[in-house]
Amino acid sequence: MSEAENIVASQSAQVNLKNLCVLQRGNKFYYPRSIPQERGPLVTKNRSGYCGSDLITNDNKKTSVIALYCLALLISIVLQLLYRSVLVLEELNHLQSRYSGSYANLLKNAFHLPVKCYIALFALVLYTLYYFVSNDWFSEFEFSFKRITLLLVPSIYLIGILLELNVSPLNDSLWIAKDNGLDYGSGMAYSFFYGYLNLVLPKTGTQEKNLKELMQDYEDQNDVHFAVYKLFILIPKSLTCTVSLKNENSPSIDESSSLPPKTITVAGVQDRVYKNAVYKIISEKTQSKIYVSAEFATPLKTFKDVFNRAGDHSDFYKDQDNQICYYDVGKIILTRLRELKKQREKTD
Numbered sequence: 001m002s003e004a005e006n007i008v009a010s011q012s013a014q015v016n017l018k019n020l021c022v023l024q025r026g027n028k029f030y031y032p033r034s035i036p037q038e039r040g041p042l043v044t045k046n047r048s049g050y051c052g053s054d055l056i057t058n059d060n061k062k063t064s065v066i067a068l069y070c071l072a073l074l075i076s077i078v079l080q081l082l083y084r085s086v087l088v089l090e091e092l093n094h095l096q097s098r099y100s101g102s103y104a105n106l107l108k109n110a111f112h113l114p115v116k117c118y119i120a121l122f123a124l125v126l127y128t129l130y131y132f133v134s135n136d137w138f139s140e141f142e143f144s145f146k147r148i149t150l151l152l153v154p155s156i157y158l159i160g161i162l163l164e165l166n167v168s169p170l171n172d173s174l175w176i177a178k179d180n181g182l183d184y185g186s187g188m189a190y191s192f193f194y195g196y197l198n199l200v201l202p203k204t205g206t207q208e209k210n211l212k213e214l215m216q217d218y219e220d221q222n223d224v225h226f227a228v229y230k231l232f233i234l235i236p237k238s239l240t241c242t243v244s245l246k247n248e249n250s251p252s253i254d255e256s257s258s259l260p261p262k263t264i265t266v267a268g269v270q271d272r273v274y275k276n277a278v279y280k281i282i283s284e285k286t287q288s289k290i291y292v293s294a295e296f297a298t299p300l301k302t303f304k305d306v307f308n309r310a311g312d313h314s315d316f317y318k319d320q321d322n323q324i325c326y327y328d329v330g331k332i333i334l335t336r337l338r339e340l341k342k343q344r345e346k347t348d
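For the sequence shown, UniProt numbering begins at 1 and goes up steadily by one.
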């Protein structure tokens, strides 16, 4: 191949590479056409234009129209706070589990508003009070039912979205509780189950043995007996996953050798090795040993690393750690394990 042909081929490869890669120039990202692009500010501009059209076309005094908008927004905020008050009544039933028994944490999560809402609320109250004190509002303003229904009400709704009136840790928690599978906890749980448990627990259609068979082999090789043929998955509330279950807080637990390894080819990785830890629980009175296979839910360590470091979503994860870890991860893993058990019973 000539030098000119090499240059053309190299340029062609670069062009193709650009079509496949995500590029960053300054603060902006450029994606291939097949990947969803970042949404622009067009929606915000349209909302602002819709709201501004009423101010421009309204025949009443501009000060009166603004006062009407302020009053309507105040009512909208009050209704939002009233709705949150109703939610608080339900959250009182979960005070200990979700808010560590603190009423202050509950109220903080329930009535949190973005800073721009507080700024807007302060300005709305000041202007509304000023207008009503200095003007005879009811005699000056001509009410038009058509204008109110077609312009004012939709405008107030759109302004409420711009102010993010529905944003709060409590609403985030309710969104996660809907179990739509799009939150971080669901992602962790599904990844842990399908990327690990679903491989090490049952037979995989190969020569590899399932967990129970590996535990039985371990018993024969080491002349010990497991309490149950199960894998204990630990989800600590502190999210602290120590290197070993043997530590100063658990003096009765000692390490033992791991179960025989299970080798599986997964996602392009040849002969990936999976193995489960074995621990012995030593009775203080009789010194007898109980053998179990146990380990931490490893995604929790990654999760703790995420919100302990300065990430874009660290504060959100800190607020929702109970919801994400125990409600989502535990529920999803248990549900998938039941399904796995039913499938195994059918095959047996």
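Beta carbons: idealized from backbone N, C-alpha and C, even for Gly.
Keep in mind that this is a model prediction, so the values were computed, not measured.
**Asked** Can you round the beta-carbon distance between Ala110 and Leu87 to whole angstroms, since I take them to be within the 8 Å contact cut?
**Response** For Ala110 against Leu87, the beta-carbon gap comes to about 6 Å, under 8 Å, which counts as contact.
**Message:** Tell me the rounded alpha-carbon separation between Phe232 and Pro169.
**Reply:** The C-alpha of Phe232 lies about 32 Å from the C-alpha of Pro169.
**Message:** Short of 8 Å in beta carbon distance, which residues of its chain neighbour Ser12, apart from the five on each side in sequence? Order them along the chain.
**Reply:** The predicted position of Ser12 is uncertain, since its pLDDT is 48 and thus under 50; no value can be drawn from it.
**Item:** Beta bridge counterpart(s) of Phe29 as assigned by DSSP
**Value:** Note: Phe29 sits in a beta bridge opposite Gln24.
**Request:** Please classify Gly205: does DSSP put it in a helix, a strand, or coil?
**Result:** Because Gly205 sits at a pLDDT of 47, beneath the cut-off of 50, its placement in the model cannot be relied upon, and the following sentence gives the value as read from the coordinates. Of the three classes helix, strand and coil, the one that applies to Gly205 here is coil, per DSSP.
**Message:** Buried or exposed for Lys62, going by 16 or more other Cβ atoms inside 10 Å?
**Reply:** Its Cβ having fewer than 16 others within 10 Å, Lys62 is exposed.
**Message:** Does Phe193 come out as helix, strand or coil in the three-state DSSP assignment?
**Reply:** Secondary structure at Phe193: helix, using DSSP grouped into helix, strand and coil.
**Exposed unless 16 or more other CB atoms sit within 10 angstroms - verdict on Gly185** = Classification for Gly185: buried.
**Request:** Give a yes or no on contact between the stretch 70-80 and the stretch 106-124, applying the rule of three or more CB pairs nearer than 8 Å.
**Result:** Touching, yes, given that three or more Cβ pairs across the two stretches are closer than 8 Å.
**Message:** Quick check: what's the CA-CA separation for Tyr196 versus Ala227?
**Reply:** Spanning the two alpha carbons is a distance of roughly 23 Å.
**Prompt:** From Lys285 to Ser257, what distance separates their C-alpha atoms?
**Reply:** Rounded to whole angstroms, Lys285 to Ser257 spans 24 Å at the Cα level.
**Request:** Measure the C-alpha to C-alpha separation of Lys237 and Ser85 and round it to an integer number of angstroms.
**Result:** Answer to the nearest angstrom: the Cα atoms are 28 Å apart.
**Message:** Run through the DSSP bridge pairs and tell me what Glu219 is partnered with.
**Reply:** Paired residues: none, contrary to the question.
**Message:** Report the CB separation of Ser293 from Ala277 in whole angstroms; it is logged as a contact under 8 Å.
**Reply:** For a cut-off of 8 Å, the C-beta gap from Ser293 to Ala277 is around 7 Å, short enough to register as a contact.
**Message:** Give the list of continuous alpha helix (DSSP H) stretches no shorter than 4 residues that lie fully inside the stretch 59-119.
**Reply:** Counting only runs of 4 or more, we get 62-91, 95-99 and 103-110.
**Item:** Val278 (DSSP reduced to helix, strand or coil)
**Value:** In the three-state reduction of the DSSP assignment, Val278 falls in the strand class.
**Request:** Would you tell me roughly how many angstroms separate the C-alpha atoms of Ser134 and Phe122, rounded to the nearest one?
**Result:** Approximately 18 Å between the Cα atoms of the pair.
**N- and C-terminal bounds of the alpha helix (DSSP H) containing Ala177** = In the DSSP assignment, Ala177 falls within the unbroken alpha helix (DSSP H) covering Pro169 to Ala177.
**Prompt:** Thinking C-beta only, is Tyr279 closer than 8 Å to Pro261?
**Reply:** No; because the gap between Cβ atoms is not below 8 Å, this pair is not in contact.
**Request:** Would you give the residue range spanned by the alpha helix (DSSP H) that Tyr161 belongs to?
**Result:** According to the sequence shown, residue 161 is Ile rather than Tyr. First-last of the alpha helix (DSSP H) with Ile161: Val153 to Leu163.
**Message:** In this structure, how does DSSP classify Ile227 when only helix, strand and coil are distinguished?
**Reply:** The residue you asked about is not Ile; residue 227 is Ala in the sequence shown. In the structure shown, Ala227 sits in a strand (DSSP, three-state: E or B).
**Prompt:** Is Leu214 near Leu259, with beta carbons less than 8 Å apart?
**Reply:** Yes, Cβ-Cβ distance for Leu214 and Leu259 is below 8 Å.
**Item:** Residues sharing a beta bridge with Asp254, DSSP
**Value:** For Asp254, the beta-bridge partners assigned by DSSP are Lys280.
**Whole-angstrom distance between Ser173 and Arg98, CA atom to CA atom** = Going by the C-alpha atoms only, they are around 10 Å apart.
**Request:** Express the C-alpha separation of Val306 and Ile176 in angstroms, rounding to a whole number.
**Result:** A direct Cα-to-Cα measurement between Ile176 and Val306 gives close to 18 Å.
**Item:** Contact under 8 Å by Cβ, Met188 with Phe303
**Value:** Cβ atoms of Met188 and Phe303: closer than 8 Å.
**Asked** What is the C-beta distance between Ile161 and Leu73, in whole angstroms, given that I count them as a contact (C-beta under 8 Å)?
**Response** Ile161 to Leu73, Cβ: 12 Å. No contact.
**Request:** Pick helix, strand or coil for Thr238, following the three-state DSSP scheme.
**Result:** The residue you asked about is not Thr; residue 238 is Ser in the sequence shown. Note: Ser238 maps to coil in three-state DSSP.
**Request:** With Val265 as the anchor, note down where its beta strand (DSSP E) starts and where it stops.
**Result:** This sequence places Thr at residue 265; Val is not what is there. That run of the beta strand (DSSP E) goes Lys262 to Val266.
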